[in-house]
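Have a look at the structure below before the remarks.
There are 4 protein chains.
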Amino acid sequence: MLNEQLIMEMKERVFEANLALPESGLVKLTWGNVSEINREAGVIVIKPSGVPYCTMKASDMVVTDLAGELLEAGMKPSSDLATHVELYKAFEGVNAVVHTHSKNAVMWAQAGREIPAYGTTHADTFYGMVPCTRQLTAEEVASAYEVETGKVIIETFKKGGIDPIAVPGVLVYGHGPFTWGATPQKAVENSIVLDEIAEMACVTEVVNDAVPPIPQYLLDKHYFRKHGVNAYYGQY
Amino acid sequence: MLNEQLIMEMKERVFEANLALPESGLVKLTWGNVSEINREAGVIVIKPSGVPYCTMKASDMVVTDLAGELLEAGMKPSSDLATHVELYKAFEGVNAVVHTHSKNAVMWAQAGREIPAYGTTHADTFYGMVPCTRQLTAEEVASAYEVETGKVIIETFKKGGIDPIAVPGVLVYGHGPFTWGATPQKAVENSIVLDEIAEMACVTEVVNDAVPPIPQYLLDKHYFRKHGVNAYYGQY
Amino acid sequence: MLNEQLIMEMKERVFEANLALPESGLVKLTWGNVSEINREAGVIVIKPSGVPYCTMKASDMVVTDLAGELLEAGMKPSSDLATHVELYKAFEGVNAVVHTHSKNAVMWAQAGREIPAYGTTHADTFYGMVPCTRQLTAEEVASAYEVETGKVIIETFKKGGIDPIAVPGVLVYGHGPFTWGATPQKAVENSIVLDEIAEMACVTEVVNDAVPPIPQYLLDKHYFRKHGVNAYYGQY
Amino acid sequence: MLNEQLIMEMKERVFEANLALPESGLVKLTWGNVSEINREAGVIVIKPSGVPYCTMKASDMVVTDLAGELLEAGMKPSSDLATHVELYKAFEGVNAVVHTHSKNAVMWAQAGREIPAYGTTHADTFYGMVPCTRQLTAEEVASAYEVETGKVIIETFKKGGIDPIAVPGVLVYGHGPFTWGATPQKAVENSIVLDEIAEMACVTEVVNDAVPPIPQYLLDKHYFRKHGVNAYYGQY
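Respectively, the protein sequence lines represent chains A, B, C and D.
The letter at position 112 of the first sequence is residue 112 when you use my numbering, and the numbering goes up by one with no holes.
Numbers given in my numbering equal positions in the second sequence, counted from 1, plus 1000.
Numbers given in my numbering equal positions in the third sequence, counted from 1, plus 2000.
Numbers given in my numbering equal positions in the fourth sequence, counted from 1, plus 3000.
Shown next, in the form of structure tokens:
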């Protein structure tokens, strides 16, 4: 039996986080989705597929189990659900996932390039370059596209030795960004940052076509000023 | 005798779709127009020419027959009406046409280049590159400019073997975009998508000047995820 | 004796046109000014210098004679008044002048380049390229800077054989745009168009670095579709 | 004993100036901070660290002495406080400091380039190029990062013989902009101008890759039209 109170609160948070996407300019039409997982309760809550933000209600959010199987009658979940499920299975500590087609992140995904850490705005959130996956093969796309999208993200982090907690986002080649975080709000903030640093990085290269990434010691300083046991940014 | 109820509903839809152009940032001043056709009823409804969006009313929409001849006393129709008429004659299944001077689509039209399918944002709406017409000749411009604009669009689709239902938009060389769809709202959405992918494609090339279009299998996957009998995106 | 009613109406129009600059995104802080002339009445009305748009009132508009001498006690006029006066003296049929530092037009002015007519958006308002003045000399800047700014604009149109009615705007080298028109509203619209085509032209060259201007016959068609005795755009 | 009235007024001004950052589009999330100093009273008031703009109150502003030591119980100050303190110690006549990650200024900071004075929009506020600091060394970052950030700014102005009153802003290499002024409002305005001229300069180089800065006589004219004893811009 589902914990009604917990589900209702998750729906509310996921709903609010989904609304934050068009409000922050990251999403046009219905191009985005946010989900949240509660592993103990065994539930994932995600945006319904293709529903306009302006008519969507918190109660429209779709509830599934940890394998992405529907637990309630209601709307169809986002078609990207299977990608979210793969990420939750592989990335411990990640409680929320966001997918958008935000303009600047998509440009880098389409260009098939990782985003170098060109400055402290990047380093404050992403501890190192934001990786870009390899292109999916025809077989992967034909078989279980959304599952394989999740798998190629996980492969990218494993092969690159990247910690998904320290680098909470990725570009899927030819497609667009996924970000994640400890909460839906934090995952959305990471999408905002990713799009911003994508734009900054592009024009940085226009202004100086031979610019190197910032040195490791500055990356360390800014990341650990905000994250980890020695963080001293904010009110905690 | 005209079906008053049907006309009134068409006017309302065309009016709302025209208002959506400045609201979505696609149109400045009076640079845009939307029309809808009802082939059975024998009517086209289109925006009046050069009327500011802020003072325009649904009742100002202009009603013509399928050849673009006025059926009601009232305002002059958009000067691009003849282009709309040509498109309706040639493109079955198209019930609404939109013309704008949206910035990013115009840039590609002025550059005289088709927009390559660089990513899934493109593939979700346009099944392949968005074509750009050849330049109109002096004779075509001098004779019946707006009719010839329609004809060169149709020529572009015929010569290229392009299905206008699968690729619901075009760039007219040196001019700007036209899009279309099953409804005025859908045609406007296609204008929004076209402008967005035009911007994305431009910067994609800045970030990587040797990027190829996405492979056919990814184009197929994304287009048919949203369109056709096997579509599984959305709530239908 | 001044015609109070006429002055009040001019102040109201000039005030509204000045407010339209930040509203349309052309102007930040206090970077812009609009004036209107009535040659028969012998008056010019112009924005006061350096007054924030949010506190400005119609009654703050400054009234001068045709030489730019104050006719009323009150605020100091825009420091660019002398440029407006020169343009009114030289350009018959021009009743309003606008100066802004709108981003895209400034970029071309700073680049010292005229804006080629790359498309019909340009041709609908500007009958040919938008010229850029030569750089002012040290002597011109030192003597009567704002007067000389006006003179170099006039020189640009005379030497280039350009009709200021057909090309209602210019870029001042290293500085920014001036536009004009039959009314303050029309002059502001021309500033909106100028900034839009400046942006379009820039990215057009990024997308295709060998693009030529549109042919003369297309320029003619679009310009004369909207202007002159054979115009057929709009409701007149 | 603190002067309560003076502190309250400083808090109000600093609060308003901080709010102006997201309102003017310079700041996303919590990426910015404004402070004000009163040297006679021996106090600095600055934004608290990491507090969202939407919930922040004037009373949340943090009060410190001239060395940055807290004078009131309450929130933690912005983590950049030590940089502000260094600037106040070195730059007489500067009463307010602003730090942002505004997009266009960051792009130049990341590119490691000073912004050339390409036009009068620049010259109206910055009397010459906006400098970019050298990169901080690993030792400087490791020791007292925020203090060293202040010191490298001061070094940049000293070595370059630049007057911080005439050039009220700087780019910190790989990081972003700091601006300052006689009041919090003026310092924020300088941040707005800096971001605007950063964008203009970037695209100016795209439109003309061989453009020189404006000549000294034009820089002089525009700067001194607005600043100093012979200024004639505005209502004073």
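C-beta: ideal position from N, C-alpha, C; glycine also.
Check	Outcome
Cross-chain neighbours of L964 (chain B) in chain C, by beta carbon under 8 Å	Outside the shown range of chain B (1001 to 1236) lies residue 964 (chain B), about which nothing can therefore be said.
Contact between the stretch 2004-2024 of chain C and the stretch 2058-2076 of chain C (3+ Cβ pairs under 8 Å)	yes
Residue of B:V1034, B:P1077, B:K1151, B:Y1118 minimising C-alpha distance to K1186 (chain B)	B:V1034
Under the three-state DSSP convention, the category H84 (chain A) falls into	helix
Interface flag, Q3185 (chain D) vs chain A, CB-CB below 8 Å	no
Separation of K3158 (chain D) from V3188 (chain D), as counted between CA atoms	24 Å
First and last residue of the uninterrupted alpha helix (DSSP H) at A1006 (chain B)	The question names Ala, but residue 1006 (chain B) is Leu in the sequence shown. Start and end: 1004-1023.
Same chain, Cβ closer than 6 Å to H3101 (chain D), five either side skipped, listed in chain order	W3031, G3176
7 Å Cβ cut-off: residues of chain A touching W3108 (chain D)	V207
Beta strand (DSSP E) runs wholly inside the stretch 116-170 of chain A, at least 3 long, in chain order	none
Minimum Cβ-Cβ distance from S288 (chain A) to chain B less than 8 Å	This structure does not reach residue 288 (chain A), given that chain A is present from 1 up to 236, and the question cannot be answered.
Min CB distance Y53 (chain A) to chain D below 8 Å	no
Helix, strand or coil at T2204 (chain C) according to DSSP, with G and I counted as helix	helix
From B:G1119, B:T1121, B:I1154, residue whose alpha carbon lies closest to that of T1133 (chain B)	B:I1154
Residue from D:T3179, D:I3044, D:C3054, D:G3228 with nearest C-alpha to P3022 (chain D)	D:C3054
P2953 (chain D), DSSP secondary structure in three states	Since the displayed chain D opens at 3001 and closes at 3236, residue 2953 (chain D) lies outside it and no answer follows.
Contacting residues, own chain, Cβ-Cβ under 7 Å from A2041 (chain C) (five flanking each side not counted)	N2003, L2006
Residues of the stretch 2069-2085 of chain C whose Cβ lies closer than 7 Å to any Cβ of chain D, in chain order	M2075, K2076, S2079
Top-ranked residue by Cα proximity to G1174 (chain B), from C:G2174, C:M2200, C:A2105, C:P2168	C:M2200
Terminal residues of the alpha helix (DSSP H) in which H3099 (chain D) lies	Where H3099 (chain D) is concerned, there is no enclosing alpha helix (DSSP H), although the beta strand (DSSP E) it sits in stretches over 3096-3100.
Inter-stretch contact at 8 Å, needing at least 3 Cβ pairs: the stretch 103-120 of chain A / the stretch 43-57 of chain A	no
Neighbour flag for G1128 (chain B) against chain C, beta carbons, 8 Å	no
Under 7 Å (Cβ pairs) to chain A, residues found in the stretch 3214-3226 of chain D	none
Proximal residues, the stretch 90-103 of chain A versus chain B, C-beta separation under 7 Å	H101, K103
Own chain partners of G3240 (chain D) with C-beta closer than 8 Å, once the 5 adjacent residues on each side are dropped	No answer is possible for residue 3240 (chain D): it lies beyond the span of chain D, which begins at 3001 and ends at 3236.
Unbroken beta strand (DSSP E) run spanning N33 (chain A), endpoints	32-38
CB contact below 8 Å: A1318 (chain B) versus chain C	Outside the modelled stretch of chain B, which goes from 1001 to 1236, sits residue 1318 (chain B), for which no answer is possible.
Of the listed residues A:E36, A:K28, A:A96, A:W180, nearest to V130 (chain A) (C-alpha basis)	A:W180
Simplified DSSP assignment, three categories, for T3091 (chain D)	Note that residue 3091 (chain D) is Phe in the sequence shown, not Thr. In this structure, F3091 (chain D) counts as coil in the three-state DSSP scheme.
Neighbouring residues, chain A, relative to A3166 (chain D) (Cβ below 7 Å)	None at all; the shortest Cβ gap to chain A is about 24 Å.
Whole-angstrom C-beta distance between S1024 (chain B) and I1046 (chain B), which should lie under 8 Å	19 Å between Cβ atoms; not a contact.
Cα-Cα separation between V2106 (chain C) and A3123 (chain D), rounded to whole angstroms	13 Å
Within chain B, the residues that R113 (chain A) reaches when beta carbons sit closer than 8 Å	V1207, N1208
Residue from C:A2096, C:V2085, C:I2044, C:H2084 with nearest C-alpha to L2071 (chain C)	C:I2044
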